[in-house]
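Chemist: Could you have a look at this structure, given as structure tokens, before my questions?
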Amino acid sequence: MLLKPKTSLVQKIYFVDICKGLFITMKNMLFSKKVTIQYPEERRDYSDRFRGMHYIKATNGVENCTACMLCPTVCPAECIHIVAGERPDKEKYPVQFEIDVLRCCFCGMCEEACPKDAIKLSTIYEMSQTHREVYEKDFLLEQRGNK
Ligand code: SF4
Ligand code: SF4
-2 MLLKPKTSLV
8 QKIYFVDICK
18 GLFITMKNML
28 FSKKVTIQYP
38 EERRDYSDRF
48 RGMHYIKATN
58 GVENCTACML
68 CPTVCPAECI
78 HIVAGERPDK
88 EKYPVQFEID
98 VLRCCFCGMC
108 EEACPKDAIK
118 LSTIYEMSQT
128 HREVYEKDFL
138 LEQRGNK
């Protein structure tokens, strides 16, 4: 015959367990490190290696990009679209440079592949949108000042 374990009244009403739970809650509330932050007044520090908003670097007002097409070739999300043009002082330049940021997975491969150090990913993470966003060349050039 199977014997039922004896339980006291204190055990039956879970008194000890409730006290233990309350103790843990109070201990975490009063002595644990704060996890929630009051965004946007408070902001977290991100590593310099964080990959956020793209930007295009420029030298003396001219974009470093020579429209070599390496970044759209390596991009796994196929979200970079470049139309190349020619200018007298430079072999090639991007007439159009667009990044469909909704498709981008922020892998950083475009940055790695670029031989001209032209396309970069900044640490800017405030990129939420209410509509589909395509970053165009002028916008990407402006972002270098905000990085
Ligand atoms: S970060 Fe990755 S997915 Fe985004 S544009 Fe660059 S290569 Fe493409
Ligand atoms: S890899 Fe660099 S230089 Fe080549 S198209 Fe992309 S941004 Fe321009």
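Residues -2 to 144, numbered by the numbering used here, are exactly what the sequence shown covers, in order. We treat Cβ as the ideally placed atom computed from N, Cα and C, and that holds for glycine.
(1) Reducing DSSP to helix, strand and coil, say where residue 118 ends up.
(2) Nearer than 7 Å: is that true of the beta carbon of residue 72 relative to any heavy atom of ligand 1?
(3) Which residues in the same chain as residue 91 place their Cβ atom closer than 8 Å to its Cβ, once the five residues preceding and following it in sequence are excluded?
(4) Taking the CB atoms as reference points, tell me whether residue 137 and residue 94 lie closer together than 8 Å.
(5) Measuring alpha carbon to alpha carbon, tell me which residue in 130, 116, 100 is nearest residue 52.
(6) For residue 110, which residues of its own chain have a beta-carbon under 7 Å away from its beta-carbon, when the five flanking residues on both sides are left out?
Modeler: Working from what's here:
(1) Here the question's residue 118 lines up with position 121 in the sequence shown. Correct three-state label for residue 118: strand.
(2) Taking the sequence shown and counting its residues from 1, the one referred to as residue 72 is at position 75. Residue 72 Cβ: within cutoff of ligand 1.
(3) Residue 91 sits at position 94 when you count from the first residue of the sequence shown. In chain order, 60, 62, 64, 79, 80, 81, 82, 134 place their CB closer than 8 Å to the CB of residue 91, counting only its own chain and leaving out the 5 sequence neighbours on each side.
(4) Along the sequence shown, read from residue 1 onward, the residue named residue 137 stands at position 140. Along the sequence shown, read from residue 1 onward, the residue named residue 94 stands at position 97. Contact flag set, yes.
(5) What you label residue 52 is simply residue 55 of the sequence shown in a count that begins at 1. Distances from the alpha-carbon of residue 52 to those of 130, 116, 100 put 116 closest.
(6) For the purposes of this step, residue 110 is taken as the residue at position 113 of the sequence shown. Excluding sequence neighbours, residue 110 sits near 67, 68, 71.
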